[in-house]
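Protein chains in written order, with numbering that gives the first Met the number 0: chain A, 0 to 393; chain B, 0 to 537. Encoded as structure tokens, the structure appears first; notes follow it.
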Amino acid sequence: MDLAGISSTLLEAAFFFYLMATFLFGGAIRQKGLRDGEGLNRWGKLGIIVTLIGFAAQLGYFFTRWAAAGHAPVSNLFEFTTFFGMMIVGAFILIFFIYKTAVLGLFALPVALIIIAYASMFPSEISPLIPALQSHWLAIHVTTAAAGQGILGISFIAGMIYLVKNIDQSVSTKKTKWLEAVMFFIVSVVAFILITSGFSLADYKAEFEYIDKEDAAAKQEFTIPALVGPHEGTLLTEGKMEPLADMPAFINAKKLNTVLWSLIGGVILYVLIRVLTRKRVAALLQPFVRNVSSDLLDEIGYRSVLIGFPVFTLGALIFAMIWAQIAWTRFWGWDPKEVWALITFLFYAAFLHLRLSRGWHGEKSAWLAVVGFGIIMFNLVAVNLVIAGLHSYA
Amino acid sequence: MGKVKCECGHVNPNGTVLCESCGRALTEKAKKEKLADMRYEGSARRSQTYNKTIIDKVWNFFSSVKVGIWIIVLLLVAASFGTILPQEFYIPSNVPAETYYEDVYGTFGKIYYMIGFHDLYNSVWFSALIAALGVSLVIASLDRFVPLYRALKNQRVERHESFMKKQRLFAEQKGALHDSEIERVKEELAKKRYKVRVENGALLAEKNRFTRWGPYVNHVGLIIFLFGALLRSVPGMYIDELLWIREGETLQVPGTNGAYYMKNNGFTLENYEAGEDPEVFNEAIDRVGTVAKNYQTDAVLYRDENNELPGAKPDLAKVQEDSIQVNQPMKFDNFAVYQTSFRQNEMKAMQFALTNKETGEEFGEITIDLFDQEKSYELGNGYKVELRGFYPDFDGFSESGEPISKSPLPNNPAFLFNMITPETPEGEMSFAQIQNTMEPLGETKYKMAFKNLETRDVSALTIRKDLTLPILAAGGIIFMIGVIQGSYWNHRRLWIREKDGQIYVAGHTNKNWHGLKREIGSVLDQTFIPVPEDRQKD
């Protein structure tokens, strides 16, 4: 097997190990999260060992792919998102060794799994670097930024667990609704992964001819059936679904179509869960988190922001500015990705100030952590795919 | 300014909440609280003490963290609005912004343009928000740093028991402290790198006080950064020019006041090729089509030795030769020259042959430099071609029949020739384009047959000087030091004292209480001193 082949096998192995570790951590949660004299139980120990093996496998994937490509594999959406997933696992391992809480793994690993699965929906072949990316700063800037985001991601995990634990599920309130909205979003991502892989397995392809926003004729290939079609589009492939509506030229119909499918799939999946279990998704999760101390969760959330914020600033702003000065002639150009990195920075700065002096601890802090991660995901997904800019490499 | 004298004898600045020295509560409110507000050690902050003059009010406004957070939130919301549609500097430069937004994005685009969001980051109100952030950083930091510094410097070992009772981590127990016990604890704490002071049998252990300065250090860094950004508008600090330079051309480098010249020795564009480049890339090249590998301008930099002499011709001395690539700018004298863009195959020269239409016999070729034409071209033996008209960007004929040129760039050159031969000494007129000849004044015996076209590439180089960079770098480094200093350590203190047969133990940290609890627990574990308990547990 060649290096690239070994690399992708290692990534699959890592995925499998993370999945296994999730179940092991599931078995470990009867134990209290606080270090009140109690050590980790056997399940928890196994869980972290399998996580470490998975992490090692993914590091193997990373470096073999680096060797095969000749550059750090963080140059397109597949590679970046995979690396981001790895950084969430890495950050989890770091925080785990400080606080020894198994329940964190039960939530962090599935999030990492979803992110890695999401990554594999993008073209995954090894691609050569365009001139703007040919620099050592590619490895330095992107890995540091992703590490910062990964550590900040742990505050989201801790915040989610805090909310699942502390929001009263016996009545329907604004809080339960918002928490369900977050759950729905996660379910929709899962739906996106299922739908995309399904149609990809069935090898669905429908080509359209349409008029783009510069008034020129163009072609676009849909890999899932077109609910909405491109501007003045005509279907070229026979026997495929005709779109229900055409979009104006400035909207990328293919991307909107994917979003629509994910939302519809999300609704179906979510409603199915609710109907079958007759419980809110958060209420389903609540029994798993009963034993962990809220106080500890709050501290884990705060701690991971404290650790992640400097790393994120260094990678996503400072290293970014240095490289932008070299590659793009200016250190700052209000490119959408830059702006959203700044927004992330400002948001977590506000988070820290609110905690410090307005006393936003506990639940408020947990909600903020969820919003912060929302901003990070927006910057990863929407800014690359929807708002086109200099960073649209995928 | 008034002073407040504490029962312990220490004189505190007006507005102090907890005595800097012994920690007694000095205000009625603080006396009633169950847990002391330790955020700034109960020190006297100007903003909490004075509120009379307009200066007080401005100071108090900007020193408020609440106001600071509002500024941050407004900035981030405003910044996000600017990413909804592309900013003015990212839209195609050949269309006016007035129409672009409406044409492409409809009514929403029109509104976006009308309210000025197409150039949001340069708007007055956005700059004002950044300025407000700067002011808030300075005032809020000063308001807190100075009293906090005083309070931590003046704290004494022996704290009043009322102070200790109001700490989050606290325990008391009947008993007496033995010197040997204190010695043991002192040793244990020293192992954990605490600075331990013992006075009158009371103990204060403290570590990482420096981390408390982290926020102020990072704010200083930010202020320096913002100041650097402000300096850009000072003349001479910042130059940003674009130089379009053709292969073979030598041009003055804009922004250098004629001191430097640059020659373009050739532009190269390379793409990745399946077969030539590593095999692993084949799949990607296959899927995407062309992937660019290199944009490069081979450039020579010259200095004009006569630059200082008015009216003198340039005397060029070579300074350096460099291949300018993306990510590898040429650098000289605070300037950097970047490969920014290019245009390939611009027409440079055209060759025509004077040809007898009937026999096809040629009587010599002429080469017309599209940037430097001659009036007439001698072919010898009485053959000669006169250039009567040159239309570099030919775009049809006007109503009166005159050929029109759209621009001075040779995009579609056309020529009006007068062909003089021994046979036709008066000359015959021929209108020639690349693949086309016309005879506007009647049929001719001869024609100008198009033979060849020479092309060359044009490089766009960005010339940039930014003297604010060192200041921005300093600001960035100081910010990072401050933010790490403040985030990765915790300021921890432990007080132990005995009074009237009662042992008091209290602990404080600015964050990460679990860590402090663990640490104190392990130190006091094997002693008779009670382990302080968290009184804020859920």
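In this text, a Cβ means the ideal position worked out from N, Cα and C, and glycines have one as well.
Would you kindly work out how many angstroms separate the C-alpha atoms of A:Met-19 and A:Leu-108, rounded to a whole number? Numbered from 1 along the first sequence, position 20 holds the residue referred to as residue 19 of chain A. Numbered from 1 along the first sequence, position 109 holds the residue referred to as residue 108 of chain A. In a straight line, the C-alpha of A:Met-19 is about 10 Å away from that of A:Leu-108.
With H, G and I counted as helix, E and B as strand and the rest as coil, what does DSSP make of A:Pro-335? Stepping through the first sequence from its first residue, residue 335 of chain A is reached at position 336. In this structure, A:Pro-335 counts as helix in the three-state DSSP scheme.
Taking 8 Å as the cut-off, decide whether the C-beta atoms of B:Thr-366 and B:Gln-343 are in contact. Translated into the one-based positions of the second sequence, residue 366 of chain B becomes position 367. Translated into the one-based positions of the second sequence, residue 343 of chain B becomes position 344. No; because the gap between Cβ atoms is not below 8 Å, this pair is not in contact.
Mind checking the segment 66-91 of chain A against chain B and listing, in chain order, the residues whose C-beta falls within less than 8 Å of any C-beta there? Ala-67, Ala-68 and Gly-69
Can you pull out the residues from the segment 123-144 of chain A whose beta carbon lies closer than 7 Å to at least one beta carbon of chain B? Glu-124, Ile-125, Ser-126, Pro-127, Ile-129, Pro-130, Ala-131, Gln-133 and Ser-134
Considering only the alpha carbon of each residue, which of B:Asn-410, B:Glu-518, B:Leu-221 and B:Glu-160 lies closest to B:Gln-432? The count along the second sequence starts at 1 and reaches residue 432 of chain B at position 433. With distances taken between Cα atoms, B:Gln-432 lies closest to B:Asn-410.
Considering only residues of the same chain and omitting the five flanking positions on each side of A:Val-310, which have a CB-CB separation below 7 Å? Numbered from 1 along the first sequence, position 311 holds the residue referred to as residue 310 of chain A. Hits under 7 Å: Thr-143, Ala-146, Gly-147 and Ile-150.
Between A:Ala-340 and chain B, is there a C-beta pair that is closer than 8 Å? Here residue 340 of chain A corresponds to residue number 341 of the first sequence, with the count starting at 1. By this cut-off, A:Ala-340 is not an interface position.
So, are the CB atoms of B:Arg-196 and B:Arg-44 less than 8 Å apart? To locate residue 196 of chain B, count along the second sequence from 1; it is residue 197. To locate residue 44 of chain B, count along the second sequence from 1; it is residue 45. No, the pair does not count as a contact, with Cβ atoms beyond the cut-off.
Contiguous alpha helix (DSSP H) assignments of at least 4 residues, all confined to the segment 73-124 of chain A: 76-98 and 101-118
Using 10 angstroms around the beta-carbon of A:Gln-230, count the other beta-carbons present and answer buried if the total reaches 16, otherwise exposed. Here residue 230 of chain A refers to the residue found at position 231 of the first sequence. As written in the sequence, residue 230 of chain A is His, which differs from the Gln given in the question. When all chains shown are included, A:His-230 counts as buried.
Is there at least one Cβ from chain B nearer than 8 Å to A:Pro-335's Cβ? Taking the first sequence and counting its residues from 1, the one referred to as residue 335 of chain A is at position 336. Yes, its Cβ sits closer than 8 Å to a Cβ of chain B.
Checking contacts by CB at 8 Å: is B:Trp-488 closer than that to chain A? Within the second sequence, numbered from 1, the residue matching residue 488 of chain B stands at position 489. No, because no Cβ of chain A sits closer than 8 Å to the Cβ of B:Trp-488.
Anticipated Cβ contact below 8 Å, B:Glu-240 with B:Ile-462, distance rounded: Counted from its first residue, the second sequence places residue 240 of chain B at position 241. Counted from its first residue, the second sequence places residue 462 of chain B at position 463. Right, the Cβ-Cβ distance comes to about 4 Å (below 8 Å), so this counts as a contact.
Taking only three categories from DSSP, how would you classify B:Thr-339? Within the second sequence, residue 339 of chain B is the residue found at index 340, counting from 1. It is a strand residue.
Give a yes or no on whether the minimum CB-CB distance between B:Leu-74 and chain A is below 8 Å. Taking the second sequence and counting its residues from 1, one reaches residue 74 of chain B at position 75. It does: the Cβ of B:Leu-74 has a partner Cβ on chain A nearer than 8 Å.
Residues of chain B with CB closer than 8 Å to the CB of A:Pro-309, please, in chain order. One-based indexing of the first sequence puts residue 309 of chain A at position 310. Chain B residues near A:Pro-309: Met-479, Val-482, Ile-483, Ser-486 and Tyr-487.
For the segment 275-302 of chain A, which residues have a CB atom closer than 8 Å to at least one CB atom of chain B, in sequence order? Ser-292, Ser-293, Asp-294, Leu-295, Glu-298, Tyr-301 and Arg-302
Give, in chain order, every residue of the segment 442-459 of chain B whose Cβ lies closer than 7 Å to some Cβ of chain A. none
What number of angstroms, rounded off, separates the C-alpha of B:Glu-532 from the C-alpha of A:Leu-93? Residue numbering aside, residue 532 of chain B sits at position 533 when the second sequence is read from its first letter. Residue numbering aside, residue 93 of chain A sits at position 94 when the first sequence is read from its first letter. Whole-angstrom Cα-Cα distance: 27 Å.
Along the beta strand (DSSP E) that carries A:Met-182, what are the first and last residues, could you check? Residue mapping note: residue 182 of chain A aligns to position 183 of the first sequence, counting from 1. That residue, A:Met-182, is in no beta strand (DSSP E); its alpha helix (DSSP H) goes 173-200.
Beta carbon of B:Thr-296, beta carbon of B:Asn-326: below 8 Å? As a working mapping, residue 296 of chain B is identified with position 297 in the second sequence. As a working mapping, residue 326 of chain B is identified with position 327 in the second sequence. No, the Cβ-Cβ distance between B:Thr-296 and B:Asn-326 is not below 8 Å.
Beta-carbon proximity list for A:Leu-353, same chain, < 6 Å, skipping 5 on both sides: Counting from one through the first sequence, the residue named residue 353 of chain A turns up at place 354. Excluding sequence neighbours, A:Leu-353 sits near Trp-359.
Determine, for B:Val-137, whether the minimum Cβ-Cβ distance to residues of chain A falls below 8 Å. By one-based count along the second sequence, residue 137 of chain B stands at place 138. With 8 Å as the cut-off, B:Val-137 does not count as an interface residue toward chain A.
Tell me, please, whether the segment 282-290 of chain B touches the segment 327-340 of chain B by the rule of three or more beta-carbon pairs shorter than 8 Å. no
Looking at B:Ala-139 and B:Val-64, is the spacing between their C-beta atoms short of 8 Å? Along the second sequence, read from residue 1 onward, the residue named residue 64 of chain B stands at position 65. Along the second sequence, read from residue 1 onward, the residue named residue 139 of chain B stands at position 140. Yes.
Give the secondary structure of B:Gln-539 by DSSP, where H, G and I count as helix, E and B as strand, and everything else as coil. This structure leaves residue 539 of chain B out entirely; chain B is present only between 0 and 537.
Taking all protein chains shown into account, do 16 or more other C-beta atoms lie within 10 angstroms of the C-beta of B:Glu-40, making it buried, or fewer, making it exposed? Translated into positions along the second sequence, residue 40 of chain B becomes position 41. Looking at its Cβ environment, which holds 16 or more other Cβ atoms inside 10 Å, B:Glu-40 is buried.
Using DSSP bridges, identify the partner residues of B:Asp-533. Numbered from its first residue, the second sequence carries residue 533 of chain B at position 534. Per DSSP, B:Leu-168.
Secondary structure of A:Asp-245, DSSP reduced to three states: Here residue 245 of chain A refers to the residue found at position 246 when the first sequence is read from its first residue. Three-state DSSP puts A:Asp-245 in a strand.
DSSP three-state label for B:Gln-324, please. Residue 324 of chain B sits at position 325 when you count from the first residue of the second sequence. Correct three-state label for B:Gln-324: strand.
Strictly by DSSP, which residues pair up with B:Asn-380? Residue numbering aside, residue 380 of chain B sits at position 381 when the second sequence is read from its first letter. Note: B:Asn-380 sits in no beta bridge, so no partner.
CB contact below 8 Å: B:Phe-280 versus chain A: For the purposes of this step, residue 280 of chain B is taken as the residue at position 281 of the second sequence. Chain A, which has a Cβ nearer than 8 Å to the Cβ of B:Phe-280, makes this yes.
Establish whether the CB of A:Ala-215 and some CB of chain B are separated by less than 8 Å. To locate residue 215 of chain A, count along the first sequence from 1; it is residue 216. Output row for A:Ala-215: interface = no.
What three-state label does DSSP hand B:Glu-401 in the structure shown? Position 402 of the second sequence, counted from the start, is the residue given in the question as residue 401 of chain B. Here B:Glu-401 sits in coil by DSSP.
What in chain B is Cβ-close to A:Ser-261, meaning under 8 Å? For the purposes of this step, residue 261 of chain A is taken as the residue at position 262 of the first sequence. Under the 8 Å cutoff, chain B gives no residues; its nearest Cβ is about 22 Å from A:Ser-261.
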